[in-house]
Amino acid sequence: MSQDSQKKMYNRSFIIVGPIVHSKEITRLTVFDLGLIAVSDGKIVAVEETANVAQIQEKYSITDDFVYHLGDGEFVMPGFIDTHIHASQYPNAGLGYDMQLLDWLTTYTFPLEMKYSDLSFAEKVYEAVVKNTLANGTTTAMYFATIHFNSTVLLANIAADQNMNWNTPDGYGERTEDSYKLTEDFIIQLKDKKNDLILPIITPRFALSCDMELMKMLGELASRYDLHIQTHISENVHEVSAVKESFHDCTSYADVYDKARLLTNKTVLAHGVHLSDDELKVLAARGTAISHCPNSNTSLKSGLCDVRRLLNAGIKVGLGTDVSGGYSLSILNTIRNTLDVSIHVSFGKGEDYAPLTYHEAFYLATLGGARAVALGDKIGNFEVGKDFDALIVNMKSPGSTDILQKYDTDALVQKFLYTGDDRNITKVYVAGRQVK
1 MSQDSQKKMY
11 NRSFIIVGPI
21 VHSKEITRLT
31 VFDLGLIAVS
41 DGKIVAVEET
51 ANVAQIQEKY
61 SITDDFVYHL
71 GDGEFVMPGF
81 IDTHIHASQY
91 PNAGLGYDMQ
101 LLDWLTTYTF
111 PLEMKYSDLS
121 FAEKVYEAVV
131 KNTLANGTTT
141 AMYFATIHFN
151 STVLLANIAA
161 DQNMNWNTPD
171 GYGERTEDSY
181 KLTEDFIIQL
191 KDKKNDLILP
201 IITPRFALSC
211 DMELMKMLGE
221 LASRYDLHIQ
231 THISENVHEV
241 SAVKESFHDC
251 TSYADVYDKA
261 RLLTNKTVLA
271 HGVHLSDDEL
281 KVLAARGTAI
291 SHCPNSNTSL
301 KSGLCDVRRL
311 LNAGIKVGLG
321 TDVSGGYSLS
331 ILNTIRNTLD
341 VSIHVSFGKG
351 EDYAPLTYHE
361 AFYLATLGGA
371 RAVALGDKIG
381 NFEVGKDFDA
391 LIVNMKSPGS
401 TDILQKYDTD
411 ALVQKFLYTG
421 DDRNITKVYV
431 AGRQVK
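Okay, structure coming up:
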């Protein structure tokens, strides 16, 4: 790479001129066929529908070298947000889908995750995960790792080196005293890095892997350090039954977490396929989000999650690839899975039931995901003051989908969501820094 190219890649102050697409609300896209986004030190400082480039250049001292005009077939959109992905399970993507959840965990997942005491193995996997999630347009990820302290720190370092936004997990599945101590050590170590892109997150794997004492201790840690929390809920009917048998004094799966003070407005629960109406009321009251994981819900035969029902109950929803319960780490594929599942859910619901639209799926993959992970004030769309996390999409990239006639910007977005892939994502920005 030439020095000039390197300078452009690492510069965090520039202007992009061309079609702009983002969400301000769930029901419709905001589309500028010709607009302008100005970025200064990684933050969005101006968004305009009609591009007065010279005036913005002068105001923010941006030279002509750093004004980028998008070409035919291109548009800029916010980066994808993956609200649920198991980095450690990436080698198993595509394996074991003849099983259901609990058998699959025992046969494939737990044996693989024990390998992460080997740092060389962990490094190989985690470097591949971070590289490929970024290449597929994910700029923020809520990663699950394993109980292994050193390999999880390694994942944090790799994400930091690649300039990826992410929440990194604390331990699960250990003895209560050990887990509490290691979790707090991990929190302190990550906070000492003073990297705004890397956040620790409390991660009790799910109710069946922790006793109530440990969950309450983790809830206390999350409260004391004001941390995010992630775990699973109501993914599989057998799992739900096992939780009820294990926690007799709790009225529901959600009540288990609520008693442990793990349901907050910074909590993301993956799946939520089999939640009762009463549980939805609790989650809505706590501001707790659901990560919708349609790929894994289908692959492991867990069920069809009715996202419209969640939204109507006032619950925040984002999208999750759930690798390796899901076989793809592409949020684009998750968008398609989301739309397909919503149509399947609609069968038999009657004419008044509306499946999700592509506008809504776009929102869930971007601003909806940001709000789900309690970062809606920092990322998710193109508002002044937010980090510039963005994708440059080129629907005429060589070897990708065919564009055989002239399309307006909204039509190009539809073509991308349904037929595009990583080849169409030509540039990726995280906090204004180009990472692809």
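FYI, in UniProt numbering the residues of the sequence shown are 1 to 436. Glycine included, every Cβ here is placed at the ideal spot set by N, Cα and C.
Looking at the structure shown, is asparagine 236 part of a helix, part of a strand, or coil, going by DSSP? If DSSP states are grouped into helix, strand and coil, asparagine 236 belongs with coil.
Quiz item: In three-state terms, what does DSSP make of glutamate 174?
Solution: The predicted position of glutamate 174 is uncertain, since its pLDDT is 48 and thus under 50; no value can be drawn from it.
For glutamate 49, count neighbouring C-beta atoms within 10 Å of its own C-beta (all shown protein chains included) and say buried if the count is 16 or more, exposed if not. Around the beta-carbon of glutamate 49, fewer than 16 other beta-carbon atoms lie within 10 Å, marking it exposed.
Worksheet item: Who does threonine 267 pair with in a DSSP beta bridge?
Response: In the DSSP output, where bridge partners are listed per residue, threonine 267 has Ile229.
Since valine 130 and serine 88 are thought to touch, with beta carbons under 8 Å apart, how far apart are those beta carbons, to the nearest angstrom? In this structure, valine 130 and serine 88 do not form a Cβ contact; the two beta carbons are roughly 12 Å apart against a cut-off of 8 Å.
inquiry  = Give the list of continuous alpha helix (DSSP H) stretches no shorter than 4 residues that lie fully inside the segment 114–197.
reply    = For the alpha helix (DSSP H) assignment, the uninterrupted runs of no fewer than 4 residues enclosed by the segment 114–197 are, from N- to C-terminal side, 119–135, 149–161, 176–192.
If you reduce the DSSP assignment to three classes, tell me which class arginine 433 lands in.
DSSP places arginine 433 in strand when its eight states are reduced to three.
*What does a CB cutoff of less than 6 Å around proline 294 pick up in its chain, not counting 5 residues either side in sequence?*
Excluding sequence neighbours, proline 294 sits near Asn337, Thr338, Val341.
**Message:** At the level of alpha carbons, what is the spacing between histidine 238 and serine 397?
**Reply:** For histidine 238 and serine 397, the distance between alpha carbons rounds to 45 Å.
Between the Cα of alanine 207 and the Cα atoms of Ala156, Tyr257, Met164, Val430, which residue gives the shortest distance?
Distances from the alpha-carbon of alanine 207 to those of Ala156, Tyr257, Met164, Val430 put Tyr257 closest.
Quiz item: Opposite isoleucine 26 in the DSSP bridges: which residues?
Solution: According to DSSP, isoleucine 26 bridges with nothing at all.
- Express the C-alpha separation of histidine 271 and valine 307 in angstroms, rounding to a whole number. A direct Cα-to-Cα measurement between valine 307 and histidine 271 gives close to 10 Å.
- Query: Just reading off the beta strand (DSSP E) that aspartate 277 is part of, what are its end residues?
  - Reply: Note, aspartate 277: premise wrong, no beta strand (DSSP E); alpha helix (DSSP H) at 277–286.
Sequence-distant residues of the same chain with beta carbon closer than 7 Å to lysine 301, five excluded per side: These residues qualify, in order along the chain: Gln100.
Residue ranges of each beta strand (DSSP E) within the segment 48–87, 3 or longer: Within the segment 48–87, the runs of beta strand (DSSP E) that reach at least 3 residues and sit entirely inside it are, in chain order, 67–69, 74–78, 80–86.
**Prompt:** Okay, do the segment 59–67 and the segment 393–412 touch, 3+ Cβ pairs below 8 Å being the bar?
**Reply:** A contact is defined here as three or more CB-CB pairs under 8 Å, and the segment 59–67 fails this definition with respect to the segment 393–412.
Expressed to the nearest angstrom, what Euclidean distance is found between the alpha-carbon atoms of threonine 133 and glutamine 405? One C-alpha to the other measures close to 31 Å.
How many angstroms separate the CA atom of aspartate 277 from the CA atom of alanine 284? For the pair aspartate 277 and alanine 284, the Cα-to-Cα distance works out to about 11 Å.
TODO: Using the DSSP secondary-structure output, state which residues sit across from leucine 391 in a beta bridge.
DONE: According to DSSP, which records beta bridges pairwise, leucine 391 is partnered with Met77, Val428.
**Q.** Whole-angstrom distance between phenylalanine 121 and proline 355, CA atom to CA atom
**A.** Rounded to whole angstroms, proline 355 to phenylalanine 121 spans 42 Å at the Cα level.
Quiz prompt | Under 7 Å between C-beta atoms of tyrosine 353 and alanine 93 | solution = In this structure, the beta-carbon distance from tyrosine 353 to alanine 93 does not fall below 7 Å.
- prompt: Taking the C-alpha atoms as reference points, what is the distance between aspartate 185 and leucine 221?
  reply: Taking the straight line joining both Cα atoms gives about 11 Å.
Discussion item. On a Cα-Cα basis, can you pick out the residue from Thr83, Val76, Gly71 that is closest to leucine 364?
Written reply: Comparing Cα-Cα distances from leucine 364 to each of Thr83, Val76, Gly71, the minimum goes to Thr83.
Exercise for the section: Please classify alanine 46: does DSSP put it in a helix, a strand, or coil? Expected result: Three-state DSSP puts alanine 46 in a strand.
message = Between the alpha carbons of glycine 432 and isoleucine 20, how many angstroms are there, rounded?
response = For the pair glycine 432 and isoleucine 20, the Cα-to-Cα distance works out to about 16 Å.
query: Nearest CA to the CA of asparagine 333: which residue from Lys378, Gln162, Lys281, Gly420?
result: Out of Lys378, Gln162, Lys281, Gly420, Gly420 has the C-alpha closest to the C-alpha of asparagine 333.
### Message
Any beta carbon of chain C sitting closer than 7 Å to that of leucine 190?
### Response
The question asks about chain C, but that chain is absent: this structure has only one protein chain.
Practice prompt. Give the DSSP-derived three-state secondary structure of methionine 1 in the structure shown.
Written response: With a pLDDT of 37 at methionine 1, under the threshold of 50, the modelled position of that residue is not reliable, and the figure given next carries that caveat. Assigned with DSSP and collapsed to three states, methionine 1 falls in coil, not helix or strand.
Run of the alpha helix (DSSP H) containing histidine 359, from where it starts to where it stops = That run of the alpha helix (DSSP H) goes 358–365.
Three Cβ pairs or more, each shorter than 8 Å: is that satisfied between the segment 97–111 and the segment 140–151? They do not touch, by the three-pair rule.
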